[in-house]
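So the sequence shown is numbered by the working numbering: it starts at -7 and just counts up by one.
Data block below; observations after.
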Amino acid sequence: MSASAIIQNMKNNNPTYYQRNKQKRLSIHTLRLSLLWVALWLVTTAAFAQKSNKRYTEADILSEAQFIEADALFLLGKYPDAVTKFKEFLKEYPNVAVAHFQLGRTYEVMKETEKSLAEIEKAVSIDGKNRWFLIKQAAIFEANGQADKAAQVMVRLTKIYPKSDFAYKKAAFYYLLSQNPNKAIDILNKGEKRVGFDPEFCHRKHVIFLAQGKTKEAIKELKKIIKHYPKSTKYHLQLAETYLTIGKPTLAEQEYRTILTYDPYNADALVGLQKRNTSIGDADNQALMKMVANPNISIDLKITEIVPIINKASPKSPDTKKQEWSQIVEKLIQTHPNDAKAYSVAADMYYAIGQDDKALANYQKTLAREKSVFPVWQQTLELLFAKKDYPNVILTARQALNFFPNKSKIMLYLAEAEFRASKTHKAISDYQQAAMMSGRNRHQKRFIYGRLAEIYLFDKNPQKARKYLDKALQLDDAKDPFIKHVEDEVNNNKSTLYGAWLRLYPFGRLLQ
């Protein structure tokens, strides 16, 4: 990360008065500022007149009117006319700083940078303590690629107003633009010394040090802030992120745990701690439980932390772990009782640890809330089929087809359940429908033809059995153990038990 990488962010956070109004020169705010310059000038001349006991002459009044007219022309966008009027006024009153300033602003809008800077410099030479003159001068330098000169102007402002935190921060910004990060650090240190502690001084130095690769110094600046604001979650999190960046996750974990001492359900800290523990292969279930119980944390974020546990869980996992994981998903349901995703994740967890009954119950609860997710239908059908609950397989498959009418896998469960429920002819019809739905899926179509051959053999129709076997053989790649098995059955006109290959067969679940 280079020093220039942070410039845009700092620029966005520190617009000058004039930058904020760049696109709205005719706004009320701009008008008020312009009138302010007029008022300041009028006060100055009035004070002079009062001190000298001199009454306004007609020429004085006309000159003042001339200045107001010039400024009005500027506001109306009639810049050449405004220039003419300002020049006429300055012939009579060459030492009025605000008039030079307004003329400089006019030249700036007209893209005549050198003339603009010349007039602003005249204003500064007359009234060198006017912060607005200096800020505008620095802004013009910056806009024309002279950030080093802009920085020098702001340094001058720090000497005039040593307690102005703005001047130090702006000077540091310009130094960064001119690729002088060390000078930026120096001016921020001076600001901190003269103005007093300001978290912005420390944070800007932190960012610059990080850009320079000086992580030790960067961490020191964040710790200074935390010393003053020990319960500022923002800075604890930034410090944790810095530790992670430099490969010190243990120190990052300490920051997360510090946050949790005063904010036990802080989402960022819980997530950070959970990621830390997950990365070392031992999820902190206590932290995860707090995270899951927090209704203000997105359920999607919680799911991303639970899924890695599901992926490594199995029926052989320790009972203590399975109990903890069960409590986590039940807490997820309790926190998000109306969200289908909570039940779906719970079902996945129970399925992973081998508790099929609970898995099935939660898949069914998921479907009661959300019917558009195909894998949930598929898992529900598989579990119902494993329980040999064929009537509910038939019912569920028909419901699923209302939402996924082109999913041949659903039709397979329906047809096979119908055959197991002694609805042979209905099963044949639906298997034939599944074959048409399979499209170019040769493997699935081959299985369907093989299964139809077996059903016709069971129905004592060897001719039809042979017909579908031939169809299957036309698609056979000589590697399908099921088709080889069916061929033996048809040749012997006798159904036989499946072999050990069934365990690994893609459609084995339908043949068990």
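Beta carbons are placed, not taken as given, at the ideal position from N, Cα and C, and that holds for glycine.
Which listed residue (the options) has its alpha carbon closest to that of residue i
i: Lys114; options: Val101, Ile152, Met102, Lys128; result: Lys128
i: Thr327; options: Lys363, Leu393, Pro287, Phe66; result: Pro287
i: Phe81; options: Tyr71, Gly69, Phe59; result: Phe59
i: Lys182; options: Ser170, Tyr153, Pro310; result: Tyr153
i: Lys294; options: Pro310, Ala419, Lys267, Thr312; result: Lys267
i: Asp157; options: Glu410, Ala378, Val187, Thr312; result: Val187
i: Glu106; options: Asn136, Tyr71, Gly120; result: Asn136
i: Glu297; options: Pro307, Leu280, Gly491; result: Leu280
i: Ser170; options: Val478, Gln138, Lys162; result: Gln138
i: Gln544; options: Lys308, Pro173, Pro222, Arg361; result: Residue 544 is absent from the structure shown; the chain starts at -7 and stops at 504.
i: Ser508; options: Lys399, Leu375, Phe474, Lys379; result: With the chain represented from -7 up to 504, any question about residue 508 goes unanswered, as that position is not in the structure.
i: Lys452; options: Phe474, Lys486, Ser430; result: Lys486
i: Gln391; options: Leu375, Ala360, Phe411; result: Ala360
i: Lys471; options: Pro498, Gly431, Pro454, Gln455; result: Pro498
i: Leu109; options: Asn394, Lys121, Ala130; result: Ala130
Sequence-distant residues of the same chain with beta carbon closer than 8 Å to residue i, five excluded per side
i: Leu214; result: Cys194, His195, His198, Tyr227, Gln230, Leu231, Thr234
i: Thr207; result: Phe201, Thr234, Thr237, Ile238
i: Tyr71; result: Leu65, Thr98, Val101, Met102
i: Thr225; result: Ile251, Asp255, Asn258, Asp260, Ala261
i: Ala305; result: Lys313, Lys314, Trp317, Met341, Ala344, Ile345
Other residues of its chain near residue i: CB distance less than 7 Å, five sequence neighbours each side excluded
i: Ala334; result: Ile291, Leu324, Ile325, His328
i: Tyr257; result: Lys282, Asn286
i: Glu316; result: Asn277
i: Pro307; result: Ile345, Gly346
i: Ser309; result: Ile345
i: Leu404; result: Ala426, Leu502
i: Pro383; result: Ala413
Chain E within 8 Å of residue i, Cβ atoms only
i: Glu80; result: Here there is only one protein chain, and chain E is not present.
Status (buried if at least 16 other CB within 10 Å, exposed otherwise) for residue i
i: His417; result: exposed
i: Glu100; result: buried
i: Pro7; result: With a pLDDT of 40 at Pro7, under the threshold of 50, the modelled position of this residue cannot be trusted; read the value that follows with caution. Per the 10 Å Cβ criterion, exposed.
i: Gly264; result: buried
i: Leu27; result: The predicted position of Leu27 is uncertain, since its pLDDT is 48 and thus under 50; a value taken from the coordinates is nonetheless stated next. Under this definition Leu27 is an exposed residue.
i: Gln436; result: buried
i: Val299; result: exposed
i: Asn484; result: exposed
i: His220; result: exposed
i: Phe133; result: buried
i: Phe450; result: exposed
i: Asp480; result: exposed
i: Asn354; result: buried
i: Asp349; result: exposed
i: Ser414; result: exposed
i: Lys79; result: exposed
i: Leu474; result: In the sequence under discussion, the amino acid at residue 474 is Phe, which differs from the Leu named in the question. Buried: at least 16 other Cβ atoms inside 10 Å.
i: Asp311; result: exposed
i: Ala378; result: exposed
i: Lys380; result: exposed
i: Lys162; result: buried
Spatial neighbours of residue i in its chain, beta-carbon cut-off 6 Å, leaving aside the 5 residues before and after
i: Phe93; result: Ala115, Phe125
i: Leu252; result: Ala261
i: Ile440; result: Tyr423, Ala426, Ala427
i: Lys155; result: Val187
i: Lys314; result: Ile345
i: Lys223; result: Tyr254
i: Ala457; result: Ala445, Tyr448, Leu449, Val482
Residue i and residue j closer than 8 Å at C-beta
i: Ile519; j: Pro191; result: Residue 519 lies beyond the residue range present for the chain, which begins at -7 and ends at 504; the question has no answer from this structure.
i: Arg443; j: Tyr423; result: yes
i: Leu406; j: Ala427; result: no
i: Ile179; j: Ile200; result: no
i: Leu95; j: Arg123; result: no
i: Ala332; j: Ile302; result: no
i: Ala261; j: Tyr248; result: yes
i: Ala89; j: Ala74; result: no
i: Leu65; j: Lys77; result: yes
i: Ala419; j: Val385; result: no
i: Arg495; j: Leu467; result: no
i: Ile118; j: Asn87; result: yes
i: Glu362; j: Arg501; result: no
i: Phe411; j: Ile402; result: no
i: Leu505; j: Leu393; result: The question about residue 505 has no answer, for the chain in this structure spans -7 to 504.
Contact test: residue i Cβ vs the ligand SAH heavy atom, cutoff 7 Å
i: His435; result: Here there are no bound small molecules, and the ligand SAH is not part of this structure.
Query - the region 158 to 178 / the region 135 to 145 touching (three or more Cβ pairs under 8 Å) - result: yes
Query raised in the report: With a cut-off of 8 Å, do at least 3 Cβ pairs link the region 333 to 349 to the region 314 to 322?
Result: Taking 8 Å as the limit for Cβ pairs, the verdict is that the region 314 to 322 does touch the region 333 to 349.
Query raised in the report: Given 8 Å as the limit, is there contact between the region 451 to 466 and the region 363 to 372, that is, 3 or more CB pairs closer than that?
Result: The region 451 to 466 is not in contact with the region 363 to 372.
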